[in-house]
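All remarks here apply to the structure that follows.
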Amino acid sequence: MGSPDDLAEMLEVVTEPVVALDGEGRLAFWNPAAQARLGLREEDAGADGRARLPAFLAAALDAPAGAPFLADTPEGLSWEVAARLRAGGGLLLRLRDVTALRDAERQAREAEETLQTALARELARLSQLETLMESVPAAVFIAHDREARVITGNRMAAELCEMPPGANPSKTAEDPSATAHFTIMRDGAEVPPQELPIQAAAARGVAARGVQMDLAFRDGRVRHIFGNAYPIRDEGGEPCGAIAAFVDVTDRLRGEQEIRRMNETLEARVERRTAALQDVNQQLESFCYSVSHDLRTPLRSIMGMTELLQQEPPEGEADPGYLDRIRRAAERMDALIQDLLHYSRLTREELPPSEIDLGGLVASLLEEFAFEHRQRGVTVENRTGAERVRGHAVTLKQALANLLDNAAKFTPLDAAPRLVLFTERRGGFLRLSVRDHGIGVPEAYRERVFALFERLHHPEEYTGTGMGLSIARRAVERMGGRMGCEAPGDGMPGAVFWIELPLAGGGEDKA
0 MGSPDDLAEM LEVVTEPVVA LDGEGRLAFW NPAAQARLGL REEDAGADGR ARLPAFLAAA
60 LDAPAGAPFL ADTPEGLSWE VAARLRAGGG LLLRLRDVTA LRDAERQARE AEETLQTALA
120 RELARLSQLE TLMESVPAAV FIAHDREARV ITGNRMAAEL CEMPPGANPS KTAEDPSATA
180 HFTIMRDGAE VPPQELPIQA AAARGVAARG VQMDLAFRDG RVRHIFGNAY PIRDEGGEPC
240 GAIAAFVDVT DRLRGEQEIR RMNETLEARV ERRTAALQDV NQQLESFCYS VSHDLRTPLR
300 SIMGMTELLQ QEPPEGEADP GYLDRIRRAA ERMDALIQDL LHYSRLTREE LPPSEIDLGG
360 LVASLLEEFA FEHRQRGVTV ENRTGAERVR GHAVTLKQAL ANLLDNAAKF TPLDAAPRLV
420 LFTERRGGFL RLSVRDHGIG VPEAYRERVF ALFERLHHPE EYTGTGMGLS IARRAVERMG
480 GRMGCEAPGD GMPGAVFWIE LPLAGGGEDK A
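Residue numbers for the sequence shown follow numbering that gives the first Met the number 0, beginning at 0 and rising by one.
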């Protein structure tokens, strides 16, 4: 063990205050650090330690030696005090200034409390942000870094990209395989990942407004999206992320395309309907004029004959010719009214189509006309085959009957009527033609003959109401067909009236 001088030298170099008290509690010795920090002087040697030492050390004198304890001074210093029993009796006190350590610990605690408070506020803010994102009726994406490698989104964002909730939809992620099931397109070309709106906003601070893009999925489906992207900046104003919001406008664009398509065809439909209305108005005007004219003709005849009968002397007998002319005028009026009723029914009645054996229908019709044709000397050559068309059988038969009657009627009086019936395919239609060797129809009148009450000859020369061809054409058009008139060709006399109807089964010409 060292000498007292050695102990004194050791205490000299110790930087912490050390104080020794004897068994009576008197100050035995102290080192320079204790003299400087505790204000001890040489004359304090042997003084009562309780009276001379600072008050904060009084507890150390009463405390059992052992573990150190902390004591605070009125000046705001903190000391760690350790008391040990001396071998010859008394105490050895060692003091360590822990003020800086206590301040650091306090600052650490305060910093931790501040951090905890800030973290709680941030969690609350994130919770509010998440609630806000979920309540927004749009797909919201947030890029958390400049490269937009990590992007989070709300529920609608996951649904838009067809990914699980919480998945990373970034196209610039370190592992982009998660988004390989869709491609982002613009104007028909794939957009490079670095040029996508949210990536450009995060990396370069470029805001994108009113961006329209397409999500093209592997199965061929396409979603059209529209939205904006804005950068998120740090305290220095540099971009550190981005936020973007997009909405699915697929249904809206389809609706707009349909509206555009309808608008494009609207003008054409209006023109067609206007033309149809004008045609109807012209027909109505012609109809009214013709009806008033043709109905008044027999009426004037009846009225004239009646006046002549009234002028006959009472005892005289009326001229039988007057009564005959009255009868013919009444019959003509009756036929005209019947034809008007027939034309009106064709306009109003439904004509449900069905498959018709045209050859059988023509044969049946010619058999019905056989007696009348023999009486009038009509020769008919039937070249129709076993063709089938779609139409209304009863109406088609009436139309053909009008054509046959018309062809047999307009024949020079000194010649026997000759008719030829033949068919030919024209695309998905079958044309049935009735060719006669009659007086023919001038080219300028080949369309007019189908107008209501249109006659090229005086009623006394060729009988009829002038409605037969009109009725026939109206019937054919109601069945989805067409009807016309043309010259036989090769300088042959007469005319050819034809009817075209859809082939049964939509057959095409194989020739």
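Just so you know, even glycine gets a beta-carbon here, dropped at the ideal spot from N, CA and C.
Since the structure is predicted, the reported quantities are computational estimates derived from the model, not experimental observations.
Within the segment 35 to 89, the complete beta strand (DSSP E) runs of at least 3 residues fall at 68 to 71, 77 to 84. For ASP356, the uninterrupted beta strand (DSSP E) segment begins and ends at 353 to 356.
Counting only unbroken stretches of 4 or more residues, the alpha helix (DSSP H) elements lying wholly within the segment 192 to 243 are 196 to 203, in sequence order.
TRP497 and GLN277 have their C-alpha atoms some 26 Å from each other. Each residue's CA atom was taken as its position, placing THR171 and GLY165 some 17 Å apart. Spanning the alpha carbons of PHE216 and PHE181 requires a straight line of approximately 4 Å. Straight-line measurement puts the Cα of ASP47 at about 18 Å from the Cα of PRO16. Here the alpha carbon of PRO191 sits roughly 41 Å from the alpha carbon of LEU265. Comparing alpha-carbon positions, the option among ASP233, VAL246, LYS396 lying closest to MET478 turns out to be LYS396. Look at ALA503 here: in three-state DSSP terms it is helix. Distance between PRO492 and ALA267, taken at the CA atoms: about 42 Å. Per DSSP, VAL393 is one residue of the alpha helix (DSSP H) stretching across 392 to 408. GLU380 and VAL433 do not touch by the CB rule: their CB atoms are close to 11 Å apart, not below 8 Å. By DSSP's assignment, LEU26 forms a beta bridge with LEU20. According to the DSSP assignment, ARG481 belongs to the beta strand (DSSP E) that extends over 481 to 485. Here ILE150 carries a strand assignment [DSSP, helix/strand/coil].
Annotation for SER432: the continuous beta strand (DSSP E) segment containing it runs 428 to 435. GLU499 is the residue among LEU76, GLU499, PRO352 whose C-alpha sits nearest the C-alpha of ALA471. Short of 8 Å from the beta carbon of VAL246, and not among the five residues preceding or following it, lie these beta carbons of its own chain, in chain order: PRO136, ALA137, ALA138, ILE224, PHE225, GLY226. LEU91 sits close to ARG83, with the two beta carbons spaced by under 9 Å.
From the listed residues ARG382, ILE438, THR410, the smallest Cα separation to THR422 is found for ARG382. Here ILE258 is exposed. Its C-beta has fewer than 16 other C-beta atoms within 10 Å.
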